[in-house]
Amino acid sequence: SSASSSTSSPPQEPSTMLRSLLVLSLASSVAAFAPSSLSFRSSSALPSTSSIRPAVRTGVLNTQAKLAAIIFACDGVLVDSERDGHRVALNEAMKESGIKKDGKQLECSVEEYGKLLKARGEKSLMTVWKEMGWDGMDMDSAVKIYDRKNEIFQKMVKDGVLPIRPGVTQLIDEAIEAGIPLAVASSNTQKNVESIVAELGQVRASKMQIFAGGRVVNRKPSPDIYNLCKGTMGFDGSNAVVIEDDRDGLAAAKAAGMACVITTSTYTAGEDFKEADAVFGDLKSGSLDLEAISKMPLSMAGLNA
-4 SSASSSTSSP PQEPSTMLRS LLVLSLASSV AAFAPSSLSF RSSSALPSTS SIRPAVRTGV
56 LNTQAKLAAI IFACDGVLVD SERDGHRVAL NEAMKESGIK KDGKQLECSV EEYGKLLKAR
116 GEKSLMTVWK EMGWDGMDMD SAVKIYDRKN EIFQKMVKDG VLPIRPGVTQ LIDEAIEAGI
176 PLAVASSNTQ KNVESIVAEL GQVRASKMQI FAGGRVVNRK PSPDIYNLCK GTMGFDGSNA
236 VVIEDDRDGL AAAKAAGMAC VITTSTYTAG EDFKEADAVF GDLKSGSLDL EAISKMPLSM
296 AGLNA
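If you use the numbering used here, the sequence shown corresponds to residues -4 to 300, in order.
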């Protein structure tokens, strides 16, 4: 017979990122069975992108398995809300307050806002303000400014002006097409999370279950929010992947028994993510090669059945 009649179209392959998430989930669940003496056969088995820290175990993985769920954090993952939202809202609130520095309007730079995020307690905040030359700032003024900042931020979210981070909508679309359940787990308020998820578009938002602030007592790094996801959605954590941007989120996901991919945000890039299954600059900036991993010698088909 002719070549045209004997050749069939290859099955549709999921995207590299979606396949990578599946690998991370499966690899995380079989970690105890992978001999530590095994290693990748060549340097070509791993991507050259230095921003990725793969923790994928070797073996022939069951690539036909389907992820039980992909759970996104909200702030820092869907949107870089600290830099593009809260900082911008703070600057607007300070402008309205009339407080000035050297006769000029106070404005918090990206770097300065990072210092504010790390401040804990009144004494620490006052030290940061002094370092930045905000001599007119005191706690009474700060409370009023931060209350107004929150109002402005909520309006920004409602108005849909926070940009969605690179690669987010693509991954969500691919997961929806593959029939993979999706959720957002956040310490933010239900209202704010709903508004941010709405920026993804009506179809995507309708597929995302939301687990927000008031539904659990303990915030991340407690695993409570992710355990709630498992119990409500009815999946096994060992076959699910969480996407986080900071160390508290990573600790929460791991304590809940889930694989965790980190997409660093502006203020978390320097954190220690050694327990993460992979680290990316964002969901568009790197990938893991499922094809290379699937050619490793140890068969795990029975473990993934």
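Positions of the beta carbon are idealized from the N, C-alpha and C atoms, including for glycine.
These numbers were taken from a predicted model, which means no experiment stands behind them.
For T261, the closest alpha carbon among the candidates W124, A271, L62, V72 is that of V72. For I220, there is no enclosing beta strand (DSSP E); the enclosing alpha helix (DSSP H) has its first and last residue at 219 to 228. For I65, the enclosing beta strand (DSSP E) covers residues 64 to 67.
Within 10 angstroms of the beta-carbon of E194 lie 16 or more other beta-carbons, which makes it buried. Each of P218, M253, I191 was checked against the Cα of Q149, and the nearest Cα belongs to I191. If you draw a straight line from the Cα of A235 to the Cα of S217, it is about 18 Å long.
Rounded to the nearest angstrom, the gap between the Cα atoms of S92 and T258 is 35 Å. Under the Cβ criterion (8 Å, minimum of three pairs), the segment 262 to 278 counts as touching the segment 157 to 164. Of all alpha-carbon atoms in I238, A68, A200, E107, the one lying nearest the alpha-carbon of H81 is that of E107. In the three-state DSSP reduction, E194 falls in the coil class, being neither helix nor strand.
According to the DSSP assignment, V236 belongs to the beta strand (DSSP E) that extends over 235 to 239.
Rounded to whole angstroms, K110 and S119 show a C-alpha spacing of 10 Å. Taking K139 as the centre and dropping the five residues before and after it, the same chain places the C-beta of S92 closer than 8 Å to its C-beta, in chain order. By the Cβ criterion, the segment 205 to 216 is in contact with the segment 178 to 186, since at least three pairs of Cβ atoms, one from each stretch, lie closer than 8 Å.
About 6 Å separates the CB atoms of E189 and I205; that is less than 8 Å, so the two are in contact.
According to the DSSP assignment, I140 belongs to the alpha helix (DSSP H) that extends over 134 to 153. Just so you know, the alpha carbons of D243 and P176 end up roughly 23 Å apart.
Close CB contacts of K215 within its chain, under the 8 Å cut and outside five residues either way in sequence, are with S182, D243, G244, A246, A247 (chain order).
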